[in-house]
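Just so you know, we're using this note's numbering here: the sequence shown kicks off at 139 and counts up by one. All C-beta atoms in this analysis are idealised placements derived from N, C-alpha and C, irrespective of residue type, glycine included. What follows is a set of notes on a single structure, which appears directly below.
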Amino acid sequence: MTSEYYLELAVRLCCADLNSEFISLQPVLGTRDELLDQRLTWYCEQLERIDTGLKQGNKGSSTLFALAVELTCADIESGAIAVAPVLYDRDEKIGERLLAHLARLCGRVADDDVAVPEVLAPIPEVFVPVQDNPPAEAVNPVVPVRKGKKKKKRR
């Protein structure tokens with residue numbers, strides 16, 4: 139049984155899925171209601187898993203967690219998290235963005251009662267965050283070499 143808190147957050151994420159048209163008006167496989175039920179169940183499970191992994195007796199953690207979910211919804215609706223990505227898994231990206239937003243918000247709180255959670259340790263492998271700004275590395279661009287036009291052979 140899912141608590142109302144996680145259900146409320148899952149509904150917000152599903153609304154973002156609906157607004158971004160990840161859940162189509164007329165899906166090819168299944169019905170819209172089935173897809174919505176699947177996403178609600180998945181979001182509730184993942185949110186509960188992440189939140190219980192992050193809780194360390196912080197008073198403000200639930201508020202910050204809800205705010206991080208709101209920012210993640212904005213990422214989904216704006217297209218920052220693609221509807222049909224090719225180079226990454228969408229669900230993993232949602233988890234990464236959620237954790238990145240949570241870490242960002244925890245870093246802005248100057249309250250002693252709210253500690254920055256150690257995000258990497260208790261989170262399942264599916265939701266290991268990536269750095270927002272990876273260090274710049276020397277990149278050697280590949281420049282194609284153009285040769286002159288090939289001459290046609292005469293017969």
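- Counted as a single uninterrupted DSSP element, the alpha helix (DSSP H) harbouring F203 occupies residues 199-216.
- Scanning its chain for C-beta atoms nearer than 6 Å, with the 5 sequence neighbours on each side dropped, one finds around K231 the residues I219, in chain order.
- The residue among E186, S216, V207, G217 with its C-alpha nearest the C-alpha of H239 is V207.
- Between the stretch 208-217 and the stretch 162-173, the count of Cβ pairs shorter than 8 Å is below three; the stretches do not touch.
- V166 sits in coil when the DSSP states are folded into three classes, being neither helix nor strand.
- Rounded to whole angstroms, the gap between the alpha carbons of S200 and L174 is 24 Å.
- In chain order, L147 place their CB closer than 7 Å to the CB of A204, counting only its own chain and leaving out the 5 sequence neighbours on each side.
- In the structure shown, the three-state DSSP call for E186 is helix.
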